[in-house]
Every structure is written in C-alpha cells, then in structure tokens.
Amino acid sequence: MRVILKLSIGMLKQGLEKEKILRLIDEKLELDHKYDDGSILGSMCTEPLEFGREIYLKYLSKNLGDPGLFQGTANLEKEIVSELGELFGEKNVIGTLTTGGSEANLIAMRIAKKLRPDIKKPEVVVPISAHISFDKAADLLDIKLRKARLLENYELDLNHYKKLINEKTCGVIGVAGTTSLGLIDPIENIGDLIEGKNIYFHVDAAFGGFVLPFLKYLKYDIEPWDFSVKTVSSITADPHKMGLGVIPTGGFLVRNSQILQKTGFEIPYLAGGNFKHFHIVGTRPGGTVISFWAIMKYLGLNGYINIVKRCMEKTHFLSKKIAELGGVRLAVQPKMNVVGITTENGESICKIDEELRKKNWMLGKFQDFNLIRVVVMPHVKKEHLTLFIEDLKKIIKKIGLA
Ligand SMILES: Cc1ncc(COP(=O)(O)O)c(C=O)c1O
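Residue 7 is where the sequence shown starts when you use my numbering, and the numbers rise one by one after that.
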C-alpha cells in the first residue's frame, strides 16, 4: 500500500525577499496596540529601556538552561539576585530570573508543597486578590487554594485569612502590589500567623518589587513587605514590569539557600555539567539576564527612583481628575502607580469598560471587584490621561451615570 504524505500547505516552497517579509510584518502588526500611542492604560508591561533592548539582541543565543556552558552569564544572574536581595532587605539570598511572575509563583508553590511531604492534601492560603497564576499553580501541583476575603475597603480580611490556616497548610501568600489595585497585604501580620509553624511564606511582588523600594526612598510611608520581615521565605519581583526589562524577565528570590538543595531539579546530562535548578522550563534565555544586568547598571538607584517618581506624579494627576468626576470614584487612594475606578453608586462597571474600549482605551477590568484600573506605567503620558478623562466624562454622561 502506498502512503501519500501531504506536505504542509501553510509553508512557502520558496522563501521570500527580506524586504517583502518586513512589509508583511508591518501590515499584519497594524492590529497591535502600541505603548506610545497611549491606548494601553491597563498593562503592567511597558517598552523596555532602549539600551536593554540593544544588549538583548546581541545575546539572543545564550542559554541559561545549561549554565555550565555560559558561566559568565550565570555569574551576572547571581549579581542581579544579590543586588535585588539587598534592595529587598537581605543580601545573602539565592534566586533566579524566570519567564515572569507566573513562573516565579509556580516555583514558590512547588517549594511550599515539597517542603511538607508529611501533608497528604496540601493547602495554600491566598488573598482573593492574588494573581491568577496561583490558581494555575494550584491546579498543576494539585494544591488546594484557600482564598481569604477582602474587607469593604479592598484590604485583606486578616481574621478570615487566619481561619483558613490549618494543619494542612503548607504555604501562605501575601501580595505586595495587587494586580487589581496595587495594594500591599499586611505582610508582617500574615507572618505572625505562621510563626513557628513550618509554613512557607511567599510574597508576590511581581509588580511592587520594582516600585516599593523606590517609593521608600521618595519618603512614602510603606509598611514592611520584604525580607526585612523575618518570616518571609521568598519573593517574586518582575524586571519586565516596572524594572523596564525586556519581555520575558521575571524574578524569584529565596532567603534560605538550602532550599535549592532540598527541592531543586537535578539535570544530569548537560554539556556544561550537572547542576540543580528551580525552573519549570529547560532552555531559558540568557539574553534577558544580560540585558537586565545592563539596565540595572545603567539606571542605578537614582534612575529607578526618578522613573517611579514620574509615574507617581501622573498617578496623583489622574486620581485628582477621577475624584472630580461625578458618577465614578476612586476605588481606593492609590498606594502605588495603579488607579482603580469604580462607580459612585454601585452600578456595574462593565458598560463603562465597554464604551472605553470602543474609544480604543484598553484598561484592566476586574468584574468581581466592580472596577477598572489604569496602571500608570512609564509609557503613559499626562496628555494621554487628559484625553482619557475627557472621554470618560463623555461616557459617564452618555450612559446617564451623572
Ligand atoms: C501581582 C502579580 N503577580 C504575578 C503576575 C504574573 O506575571 P506574568 O504575567 O509576568 O507571568 C502578575 C501579572 O500582572 C501580577 O500582577
């Protein structure tokens, strides 16, 4: 019997000229929103620093999945981890850059489970405002998530959180910079709840990690959220959010270096030799690491402080304008560069979101909390916010909210 193989029909038999390909890409990407046109108001990512982009392009083939082959790159990663550890209150941490906050949170959840083999059906307590990556991790790792409620003011209901901790709890999560409102959970209080209980405590500062330390330098009143809280075991902090790193660059830091030996994956066959790592992925970019090392060196502390300062100035500008509008109000007074907007009298926020999208404004919508939110990233300019407010005012009038 003859078997007829049908060749792929999507792929061209003969390749195209580069010019033609570039034109095609331009045409096809016209559908994409651009950071600098101002329409992206609800993203926690932004344009990476230009210098970081240049460096990244130079080192695309570096593979930290085999660090023995790229020891120079691996050393730069160690330097980054140590500098970030110091920024977060503990220089002698270990850690790694990841593909993003989701991978970092997945790693943390896995560690929490691994460290408590005595618990048959492990549970992790999270605030209900925690990022969806914890649901994904719980699903993948067969961990039961216990979700703590929020109070009316969107802050964590610590009493409810406490009730969810029991003998099956292997880990607890606090968020420093929630996805919806940029709020900071009471990390010290959560720490008190687990003190002496052999429970792993992970803080998700995917967004806040590159905001909160700089707000402190700007004399904002920031409650302790990092390794300065002695019960905190690990932290997620993402360079590709407010760190201005290229996508994908996340970060995961652990206080206790023994944890890698206890829970890391051993990879026995690599060309560069044996090593242990926390990662879910195998092959992973070294270019993002080198690029972020360069970005940190280039910006320095003052560079980051200035970026955060400017974002906060625009945050205050937007907050003031929202507070002056009728029909909507600020969900909370912003703690960082995240502005949540809800309706004044409890009407659904969905219609406003729908109308804003028709006018090309892309915000985040959090239906459970009945709010939309603007993340005032470096690409968001004051003139964009002014135009946004004008449109929002018209929409409020059109749908009869004010
Ligand atoms: C608090 C928080 N944690 C984790 C994540 C997930 O990060 P990533 O999208 O890089 O996986 C996000 C994303 O917005 C976040 O806001």
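No residue lacks a Cβ here, since even glycine has one placed at the ideal position from N, Cα and C.
- State buried or exposed for isoleucine 27, treating a residue as buried only when at least 16 other CB atoms are found within 10 Å of its CB. Residue mapping note: residue 27 aligns to position 21 of the sequence shown, counting from 1. Per the 10 Å Cβ criterion, exposed.
- Start-end ranges of the beta strand (DSSP E) lying completely within the stretch 206-277, minimum 3 residues: 206-210, 240-242, 256-260, 271-273
- Once you ignore the five residues that flank histidine 246 on each side, which residues in its own chain have a CB closer than 7 Å to its CB? As a position in the sequence shown, residue 246 is number 240, starting the count at 1. So the qualifying residues of the chain are Cys51, Gly106, Val252, Ile253, Pro254, Thr255, Gly256.
- Message: Taking the beta carbon of isoleucine 449 as the centre, do at least 16 other beta carbons fall within 10 Å, making it buried, or is it exposed?
- Response: The requested residue 449 is not part of the displayed model; the chain covers only 7 to 408.
- Task: Could you tell me whether the stretch 304-315 touches the stretch 362-372, where touching means 3 or more Cβ pairs closer than 8 Å?
- Result: no
- Task: Consider the C-beta atom of histidine 285 and the heavy atoms of ligand 1; say whether any pair is separated by less than 7 Å.
- Result: Numbered from its first residue, the sequence shown carries residue 285 at position 279. Checking the Cβ of histidine 285 against ligand 1 gives no.
- Item | Run of the beta strand (DSSP E) containing phenylalanine 282, from where it starts to where it stops | Sequence index remark: in the sequence shown, residue 282 carries index 276 (1-based). In the sequence as presented, phenylalanine is not what sits at residue 282; that position holds lysine. Where lysine 282 is concerned, the enclosing beta strand (DSSP E) stretches over 281-283.
- Kindly indicate which three-state DSSP category lysine 326 falls into: helix, strand or coil? Walking along the sequence shown from the start, residue 326 turns up at place 320. Correct three-state label for lysine 326: helix.
- Query: In terms of residue numbering, what span does the beta strand (DSSP E) encompassing phenylalanine 372 cover?
  - Reply: Translated into the one-based positions of the sequence shown, residue 372 becomes position 366. 370-372 is the extent of the beta strand (DSSP E) around phenylalanine 372.
- Pick helix, strand or coil for cysteine 356, following the three-state DSSP scheme. The sequence position of residue 356 within the sequence shown is 350, counting from 1. Cysteine 356 falls in the helix class under three-state DSSP.
- Task: Note down, one range per segment and in chain order, each beta strand (DSSP E) of at least 3 residues found wholly within the stretch 111-158.
- Result: 129-133, 150-154
- From the DSSP output, in three-state form, read off threonine 105 for me. Translated into positions along the sequence shown, residue 105 becomes position 99. Looking at threonine 105 - three-state DSSP - the assignment turns out to be coil, as it is neither helix nor strand.
- Item | Extent of the continuous beta strand (DSSP E) run through glycine 78 | The residue given as residue 78 occupies position 72 in the sequence shown. That residue, glycine 78, is in no beta strand (DSSP E); its alpha helix (DSSP H) goes 77-93.
- Message: Quick check on the DSSP output: the beta strand (DSSP E) that includes isoleucine 378 runs from which residue to which?
- Response: Stepping through the sequence shown from its first residue, residue 378 is reached at position 372. Counting along the chain, the beta strand (DSSP E) containing isoleucine 378 begins and ends at 377-381.
- Query: Can you tell me the Cα-Cα spacing of serine 45 and lysine 320, whole angstroms?
  - Reply: The residue given as residue 45 occupies position 39 in the sequence shown. The residue given as residue 320 occupies position 314 in the sequence shown. Near 15 Å, if we compare the C-alpha coordinates of lysine 320 and serine 45.
- Have a look at aspartate 163 and phenylalanine 281 and give me their C-alpha separation to the nearest angstrom. Position 157 of the sequence shown, counted from the start, is the residue given in the question as residue 163. Position 275 of the sequence shown, counted from the start, is the residue given in the question as residue 281. Computed Cα separation, rounded: 42 Å.
- Buried or exposed: where does methionine 17 fall if 16 or more other Cβ atoms within 10 Å of its Cβ makes it buried? Working through the sequence shown from its first residue, we reach residue 17 at position 11. Looking at its Cβ environment, which holds fewer than 16 other Cβ atoms inside 10 Å, methionine 17 is exposed.
- Message: Among the candidates Leu75, Thr79, Gly71, Leu47, whose CA atom is the shortest distance from the CA of tyrosine 62?
- Response: Here residue 62 refers to the residue found at position 56 when the sequence shown is read from its first residue. Residue Thr79 is the option with its Cα nearest to tyrosine 62.
- Item | Residue range of the alpha helix (DSSP H) that includes threonine 392 | If you number the sequence shown from 1, residue 392 lands on position 386. Where threonine 392 is concerned, the enclosing alpha helix (DSSP H) stretches over 388-404.
- Could you please give me the residues that DSSP links to proline 291 through a beta bridge? If you number the sequence shown from 1, residue 291 lands on position 285. DSSP, once it has assigned bridges, lists Asn69 as partnering proline 291.
- Please classify phenylalanine 271: is it buried, with 16 or more other beta-carbons within 10 angstroms of its beta-carbon, or exposed? Indexing the sequence shown from 1 puts residue 271 at position 265. Counting Cβ neighbours within 10 Å, phenylalanine 271 comes out exposed, since fewer than 16 surround it.
- Whose C-alpha, out of Leu170, Ala154, Leu112, is nearest the C-alpha of leucine 146? Taking the first residue of the sequence shown as position 1, residue 146 is located at position 140. Nearest option by C-alpha distance: Leu112.
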